[in-house]
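Chemist: Take 6 as the starting number for the sequence shown in my numbering and just add one per residue. Where is the CB? At the ideal position from N, CA and C, for every residue including glycine.
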Amino acid sequence: MTLTAGVVAVQGDVSEHATAIERAAGRHGETAEVVEIRTAGSVPDCDLLLLPGGESTTISRHLHAEGITPEIVDHVAAGKPVLATCAGLIVAAADANDDRVDELDLVDVTIERNAFGRQTDSFEAPLDVTGLDDPFPAVFIRAPVIESVGDADVLAAFEGRPVAVRDGPVVGTSFHPELTDDDRIHDLAFFESALAP
Ligand code: GLN
Numbered sequence: 006m007t008l009t010a011g012v013v014a015v016q017g018d019v020s021e022h023a024t025a026i027e028r029a030a031g032r033h034g035e036t037a038e039v040v041e042i043r044t045a046g047s048v049p050d051c052d053l054l055l056l057p058g059g060e061s062t063t064i065s066r067h068l069h070a071e072g073i074t075p076e077i078v079d080h081v082a083a084g085k086p087v088l089a090t091c092a093g094l095i096v097a098a099a100d101a102n103d104d105r106v107d108e109l110d111l112v113d114v115t116i117e118r119n120a121f122g123r124q125t126d127s128f129e130a131p132l133d134v135t136g137l138d139d140p141f142p143a144v145f146i147r148a149p150v151i152e153s154v155g156d157a158d159v160l161a162a163f164e165g166r167p168v169a170v171r172d173g174p175v176v177g178t179s180f181h182p183e184l185t186d187d188d189r190i191h192d193l194a195f196f197e198s199a200l201a202p
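Okay, here's the thing in structure tokens:
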């Protein structure tokens, strides 16, 4: 089967995410056709969606200005999977704790942006993730943490603070799973759950 995979392409590692999705699909005997989402109209054709990192204020503004927001909300309401990473998670959250972000309210969490501070802007850490057998090499870049969790499951925590969560068909991570060649988070979000037969 060929899956249509939408990657919101306002900012961020669009091609790295596309590669990870294609690889994860291949392992399940599927093919992924990646569509870059910049305007309204293509989300309804997508089987799965990816919201990459970048700057959450910019991404949120773009999604609303282009009329993409209601299409993403409908996608999730239909039970189709989404992986939201870093700024993508901030945008997908119920509360980003920042008036400049108009949240999609898809993941029942409150976010603290840039929570690790300037001194530890970027770092990599092995992370135990629920559903994965071995630790995941997580790359954090000016990463948010999940300050509080409502009706959602925490999948991973770093130093006691949640950094990966699942709310129904949506998986959100504070880190950048596309920056390693380990695509188990894409696998977990797209192929081990809602799409799995
Ligand atoms: N600091 C960014 C924000 O708050 C997120 C960083 C990222 O996506 N790597 O929007």
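Buried or exposed: where does residue 180 fall if 16 or more other Cβ atoms within 10 Å of its Cβ makes it buried?
Modeler: Locating residue 180 in the sequence shown gives position 175, counting from the first residue. Under this definition residue 180 is a buried residue.
Chemist: When the distance is taken between beta carbons, is residue 188 closer than 7 Å to residue 28?
Modeler: Position 23 of the sequence shown, counted from the start, is the residue given in the question as residue 28. Position 183 of the sequence shown, counted from the start, is the residue given in the question as residue 188. The answer is yes: Cβ separation under 7 Å.
Chemist: I believe residue 4 touches residue 140 by the beta-carbon criterion, under 8 Å. Please report the beta-carbon distance rounded to the nearest angstrom.
Modeler: Outside the displayed range of the chain (6 to 202) lies residue 4, so it cannot be described from this structure.
Chemist: Heavy atom of the ligand GLN less than 6 Å from the Cβ of residue 146, yes or no?
Modeler: The residue you call residue 146 lines up with position 141 of the sequence shown. True, at least one ligand heavy atom lies under 6 Å from that Cβ.
Chemist: So, with DSSP's three-state summary, where would you put residue 95?
Modeler: Position 90 of the sequence shown, counted from the start, is the residue given in the question as residue 95. Of the three classes helix, strand and coil, the one that applies to residue 95 here is helix, per DSSP.
Chemist: Near residue 3, which residues of its chain fall below 6 Å by C-beta distance, leaving aside the five closest residues on each side in sequence?
Modeler: It is not possible to answer for residue 3, since the shown part of the chain is limited to 6 through 202.
Chemist: Can you tell me which of the three DSSP states residue 135 falls into?
Modeler: Walking along the sequence shown from the start, residue 135 turns up at place 130. Coil.
Chemist: Taking the alpha-carbon of residue 134 as reference, which of 194, 106 and 81 has the nearest alpha-carbon?
Modeler: Your numbering for residue 134 matches position 129 in the sequence shown. Nearest option by C-alpha distance: 194.
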